[in-house]
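According to full-length UniProt numbering, numbering within the sequence shown proceeds without interruption in unit steps and concludes at 754.
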Amino acid sequence: MNPLRFRDSLAVDVIDGTKLFLLNDETSVIVENPNTAAVAALINGERAIPQLMNELAGTLSPEQVFLEVAKLQRAGHVISRDSADDPATTYLESFGKATDDFAGNQRTFTVGVLDLVDCALGESLSGALAAYPQLAVSTVDLSGDIDADLVVVVAGDYLDPALREINKRFLDGQHWILTKPMGREVYAGPRILPGETACWESLADRIQANRQVERYVTGKVGRSYPAVKPIGVSPGGVALATGILANEIFAVAAGMPGELAGSMRSIDVKTYEMREHTVVKNPQFSVDDPASLRRTSEVILGNYPALHLEDGGYRVCTPKETFERLEHHISHVCGAVSRLVTLNVDEEGITHSYAAGHNFGMMGDNMDLLRNNMRGQSGGKGRTETQAKVSGICEAIERYSGVWTPDIPETLTTWNSLSTRAIHPRAYLNYSDAQYDSRDEWNRDPRNRLQKIPMIFDEDRPVHFTAGRSLTTGEEVLVPSAMVWFGHPDLDQRDHLYTMTDSNGGASGNVIDEAVLQGLCEVYERDAVALWWFNRIARPGIDLASVQDPYVKQMQDFYATMDRDIWVLDLSNDLSVPTFAAFSKRHHEVQDLMVGFGAHPDPHIAFFRALTELNQFLPFIRQRDADGNTIYSVDDAATLEWCQTRTVESDPWVAPDPNVPLKTLESLERDLPTTLGDIVRFCVDDLAASGMETVVVNQTRPDIDLAVAKVLVPGMRHFWRRTGPGRIYDVPVALGWRDTPLTEAEVNPIGVFF
Numbered sequence: 001m002n003p004l005r006f007r008d009s010l011a012v013d014v015i016d017g018t019k020l021f022l023l024n025d026e027t028s029v030i031v032e033n034p035n036t037a038a039v040a041a042l043i044n045g046e047r048a049i050p051q052l053m054n055e056l057a058g059t060l061s062p063e064q065v066f067l068e069v070a071k072l073q074r075a076g077h078v079i080s081r082d083s084a085d086d087p088a089t090t091y092l093e094s095f096g097k098a099t100d101d102f103a104g105n106q107r108t109f110t111v112g113v114l115d116l117v118d119c120a121l122g123e124s125l126s127g128a129l130a131a132y133p134q135l136a137v138s139t140v141d142l143s144g145d146i147d148a149d150l151v152v153v154v155a156g157d158y159l160d161p162a163l164r165e166i167n168k169r170f171l172d173g174q175h176w177i178l179t180k181p182m183g184r185e186v187y188a189g190p191r192i193l194p195g196e197t198a199c200w201e202s203l204a205d206r207i208q209a210n211r212q213v214e215r216y217v218t219g220k221v222g223r224s225y226p227a228v229k230p231i232g233v234s235p236g237g238v239a240l241a242t243g244i245l246a247n248e249i250f251a252v253a254a255g256m257p258g259e260l261a262g263s264m265r266s267i268d269v270k271t272y273e274m275r276e277h278t279v280v281k282n283p284q285f286s287v288d289d290p291a292s293l294r295r296t297s298e299v300i301l302g303n304y305p306a307l308h309l310e311d312g313g314y315r316v317c318t319p320k321e322t323f324e325r326l327e328h329h330i331s332h333v334c335g336a337v338s339r340l341v342t343l344n345v346d347e348e349g350i351t352h353s354y355a356a357g358h359n360f361g362m363m364g365d366n367m368d369l370l371r372n373n374m375r376g377q378s379g380g381k382g383r384t385e386t387q388a389k390v391s392g393i394c395e396a397i398e399r400y401s402g403v404w405t406p407d408i409p410e411t412l413t414t415w416n417s418l419s420t421r422a423i424h425p426r427a428y429l430n431y432s433d434a435q436y437d438s439r440d441e442w443n444r445d446p447r448n449r450l451q452k453i454p455m456i457f458d459e460d461r462p463v464h465f466t467a468g469r470s471l472t473t474g475e476e477v478l479v480p481s482a483m484v485w486f487g488h489p490d491l492d493q494r495d496h497l498y499t500m501t502d503s504n505g506g507a508s509g510n511v512i513d514e515a516v517l518q519g520l521c522e523v524y525e526r527d528a529v530a531l532w533w534f535n536r537i538a539r540p541g542i543d544l545a546s547v548q549d550p551y552v553k554q555m556q557d558f559y560a561t562m563d564r565d566i567w568v569l570d571l572s573n574d575l576s577v578p579t580f581a582a583f584s585k586r587h588h589e590v591q592d593l594m595v596g597f598g599a600h601p602d603p604h605i606a607f608f609r610a611l612t613e614l615n616q617f618l619p620f621i622r623q624r625d626a627d628g629n630t631i632y633s634v635d636d637a638a639t640l641e642w643c644q645t646r647t648v649e650s651d652p653w654v655a656p657d658p659n660v661p662l663k664t665l666e667s668l669e670r671d672l673p674t675t676l677g678d679i680v681r682f683c684v685d686d687l688a689a690s691g692m693e694t695v696v697v698n699q700t701r702p703d704i705d706l707a708v709a710k711v712l713v714p715g716m717r718h719f720w721r722r723t724g725p726g727r728i729y730d731v732p733v734a735l736g737w738r739d740t741p742l743t744e745a746e747v748n749p750i751g752v753f754f
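Below is the structure:
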């Protein structure tokens, strides 16, 4: 029998003859057992089990000695190999039994290095692994057969066109790992396992979405991939990449899972910050017909209970659970969400706001759109930090999922050739003839950057249509694609720019029911705001003192520290979903009026949505100079004009109607169904009673576990200035808000500024 010893990676101490301590820089094991301690004290690499039995004969029976040795062996602490007494073997033994087979393995694990940039990483990797005879590193190229257990591909850019061909060649089962040792950020990974992890195409698709400036340049100069130029190799760049890769190769060769399968690391060579990035597998790159994965007209409502989880609305799981499921999509390298940062301005934890970067497809070669895309961000709000984070990441994924991709099934035809029901752009957009006639003058005004007027839709011009589902009739309904997909190629038709895509009615949720309900709430909200805003009619206020929630008083007190008031208006109209506008003004000559909106079938949820949206705008007007003047962190002309020129005195319709009593939330309550699907149907029926149809386009992406829907209700109004006939004229008269309809010239000359 071979002598027994503890692994070289363990410091072994027996204390008081009864306690065994096994320590290293990763773990601490304490065994309080005098029998174990007695056996351990004699294990020194020189005694086998018979010797231990002899020396402990007066203390322990042979059976007891055998039992204690077996326990230590099963735990992986004791082995019967000779000690190599070198750092490499010590490290190998630190993994316990997981690496025992590898330690005695006679088979060589082969690593091929395919270096596209000639940075000597292969030589560096050979040196790092030289202590392990089981590992063999050699250089390979694409000119011949590659026979290696793992191939390391060294690139100067993860979008190098050569990687596409390498990816195709390795699809038959060759495992490979990418690295970029160049530039300010060194990349290591992902390790790509064909058929198991995300392929290079999935990685490249996400990286391109995050490199918008380079996409713009390549489109202008005709390059095949983004025009980034590595800034060279830092003194430690190759060594950093080598270290991570060597550890990954060691783990894989030893039969352990490793850390880079479907994952990568970025290391900033200046700050030494390391980040983990999950590379999400996109099923569209592994099927023959990617369009089969995009079922835009499939909207099947379930039977999920409507759980009221604070101001987040009705959800099927908690915000914490949602965030944990989606957090891996945040990455500045390959994420659907490029960043998630706090905008908080208080230390009391009253306001919680986050900004999440979302990535839009380029829309032609418009430089203004490029600038907007570069600073584009989604807003997250909530009463808690987690709610605000989830709100931000979900809105960013909503916008990302709303970007057109070539795998979306579409129909190309003219309006006059359609044989299927479809939504006409003019019925949805609600522009007037006068607006179309004056569009050039309107569009030149920088204050109308968000609210540009498109061209008149040409019914004989071929355009693309996307299939949606009418929740009113159950029928499939076609929707002009450019109305629902950001970056759609039809938006590049400068002589037929018949629409401007916007986010109204777009929403996300854990399930499609959630997404549709949130989209409906946004449609209700915009419509209610439009009826009030464009008519400039004072509406009743809400009695804040009657709201039985301490958050309201906390917000009031916090805003008071900034010399600001808060009030809330009830904007509810002829429909059955309550809508609120939360306002705040500063006690100053420049009032910096802020407003937030919220709508929901439950008035309490709608109310707090308005308040938390109000908080989202606080970071943009919070800072002041030495004279007390606001330092604005926004450069949008319409927003600045609103903040700097509008007051309660100049626009009294933003204040509660002084001629009617304040309302309570309880007065707006109604009995609601108990499932999400039934609440959606409640809203659909409510809209149908006013002659309006609800159509939904399912924008859920197959690579993201979050449902996304675009809800369209022709006839409902946007809160941007669209003065065609309809509800902004008819409903105020029907409700007795005014005696006669507005004329188009009397409509509020500005739309909502965000």
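A virtual CB, placed ideally from N, CA and C, is assigned to each residue, including glycine.
Problem - residue 756 versus PHE6 - alpha carbon distance - result: For residue 756 there is no data in the structure shown, the boundaries of the chain being 1 and 754.
Please report the straight-line C-alpha distance between TRP532 and GLN284, rounded to a whole angstrom. Their backbone Cα atoms lie some 45 Å apart in a straight line.
Under 8 Å: do the stretch 274-289 and the stretch 180-199 share three or more Cβ pairs, one atom per stretch?
Touching, per the Cβ criterion.
Exercise. For ILE15, which residues does DSSP report across the bridge?
Worked result: Paired residue(s): LYS19.
Let me check one thing: in DSSP terms, what residues is LEU150 bridge-paired to? Its beta-bridge partners are VAL111.
In the DSSP assignment, the beta strand (DSSP E) including ALA241 goes from what residue to what residue?
Bounds of any beta strand (DSSP E) do not take in ALA241; it lies within the alpha helix (DSSP H) bounded by 237-253.
With burial defined as no fewer than 16 other Cβ atoms inside 10 Å of the residue's Cβ, what is the status of THR501: buried or exposed? Counting Cβ neighbours within 10 Å, THR501 comes out buried, since at least 16 surround it.
Let me confirm a value: MET555 is counted as buried when at least 16 other C-beta atoms fall within 10 Å, else exposed. Which label applies?
Counting other Cβ atoms within 10 Å of its Cβ, MET555 reaches 16 or more and is therefore classed as buried.
Q.
For TRP653 and TRP567, I'd like the C-alpha separation in whole angstroms.
A. One Cα belongs to TRP653, the other to TRP567, and the distance between them is close to 13 Å.
Reference VAL511, options VAL299, PRO480 and GLN451, closest by Cα
Distance check between VAL511 and each of VAL299, PRO480 and GLN451 places VAL299 closest, using alpha-carbon atoms only.
Point to revise | Among LEU497, LEU471 and SER470, the one whose alpha carbon lies nearest that of residue 779 | key: What the structure shows of the chain is the stretch from 1 to 754, and residue 779 is not part of that stretch, so it cannot be assessed.
* Kindly indicate which three-state DSSP category MET374 falls into: helix, strand or coil? => Note on MET374: pLDDT 43, under 50, position unreliable in the model; the coordinate value appears next. In the structure shown, MET374 sits in a helix (DSSP, three-state: H, G or I).
Please state whether the Cβ-Cβ distance between SER263 and VAL279 is less than 8 Å. In this structure, SER263 places its C-beta atom within 8 Å of the C-beta atom of VAL279.
Could you pull the start and end residues of the beta strand (DSSP E) that ASN698 belongs to?
Element bounds for ASN698: 695-698.
Here's a check: name, in chain order, each residue in its chain whose Cβ is nearer than 8 Å to the Cβ of MET716, leaving out the five neighbours to either side.
The answer, listed in chain order, is VAL523, TYR524, ARG526, ASP527, LEU687, MET692 and ARG727.
Note to self: Within a Cβ cutoff of 8 Å, which residues of the same chain sit near MET1, ignoring the five residues on either side of it in sequence?
What the structure shows: Setting aside the 5 residues that flank it on each side, MET1 is surrounded in the same chain by ALA48, ILE49, PRO50 and SER80, each with a C-beta closer than 8 Å to its C-beta; the list follows chain order.
Open item on the list: Considering just the uninterrupted stretch of the alpha helix (DSSP H) at MET555, what are its terminal residues?
Closed with: In the DSSP assignment, MET555 falls within the unbroken alpha helix (DSSP H) covering 550-560.
Margin query: Going by beta-carbon coordinates alone, are THR411 and ASP460 separated by less than 8 Å?
Written below: Not a contact, by the Cβ cut-off of 8 Å.
Practice task
Report the three-state DSSP secondary structure of GLU298 (helix, strand or coil).
Solution key: In this structure, GLU298 counts as coil in the three-state DSSP scheme.
Secondary structure of ALA599, DSSP reduced to three states
Residue state for ALA599 is assigned as strand, using DSSP reduced to three classes.
Exercise. What distance in whole Å lies between the Cβ atoms of VAL154 and VAL269, which are believed to be in contact at a cut-off of 8 Å?
Worked result: Not really, about 16 Å apart at Cβ, beyond 8 Å.
* For TYR314 and GLU614, believed in contact at Cβ under 8 Å, the rounded distance -> For the sequence presented, residue 614 should be read as Leu rather than Glu. Actually they are not in contact, since the Cβ atoms of LEU614 and TYR314 sit about 22 Å apart, beyond 8 Å.
- Quick one: what does DSSP say THR675 is sitting in, helix, strand or coil? Note: THR675 maps to strand in three-state DSSP.
Q | Three-state secondary structure assigned by DSSP to TRP485 | A | If DSSP states are grouped into helix, strand and coil, TRP485 belongs with coil.
Q) With contact counted as at least three CB pairs below 8 Å, one residue from each stretch, are the stretch 631-644 and the stretch 615-623 in contact? A) In short, these stretches touch, since the Cβ pair count reaches three.
**Item:** C-beta contact flag for LEU593 and PHE583 at 8 Å
**Value:** Yes, these two residues count as a Cβ contact at 8 Å.
Item to complete: Tell me whether the beta-carbon of LEU340 lies closer than 8 Å to the beta-carbon of ILE330.
Response: When the beta-carbon positions are compared, LEU340 and ILE330 come within less than 8 Å of each other.
Could you tell me which uninterrupted beta strand (DSSP E) segments, each at least 3 residues in length, are contained entirely in the stretch 143-206, listed from first to last along the chain? With a minimum length of 3 residues, the continuous beta strand (DSSP E) runs that stay inside the stretch 143-206 are 150-154, 176-180 and 185-192.
- Take THR420 as the anchor and find which of SER378, SER576 and VAL477 has the nearest alpha-carbon. The candidate whose alpha carbon is nearest that of THR420 is VAL477.
>> Starting from ILE566, trace the beta strand (DSSP E) in both directions and tell me its first and last residue.
In response: Taken as a continuous stretch (DSSP letters only), the beta strand (DSSP E) holding ILE566 covers 564-570.
Report task. For the beta strand (DSSP E) containing LYS710, list its first residue and its last residue. Result -> It spans 707-712 - the beta strand (DSSP E) in which LYS710 sits, taken as one unbroken run.
Open item on the list: For THR694 and HIS328, I'd like the C-alpha separation in whole angstroms.
Closed with: Take the alpha-carbon of THR694 and the one of HIS328: they are about 33 Å apart.
- Query: Over what stretch of residues does the alpha helix (DSSP H) that includes LYS585 continue unbroken?
  - Reply: For LYS585, there is no enclosing alpha helix (DSSP H); the residue is found in the beta strand (DSSP E) stretching over 579-586.
Nearest by alpha-carbon distance to ASP602: which of HIS588, PRO578 and ILE542 is it?
For ASP602, the nearest C-alpha among the options comes from PRO578.
Opposing strand residues paired with LYS663 [DSSP bridges]: DSSP lists ILE542 as the bridge partner or partners of LYS663.
* Any contact of the stretch 52-72 with the stretch 26-39, i.e. 3+ C-beta pairs under 8 Å? -> Contact holds: three or more Cβ-Cβ distances are below 8 Å.
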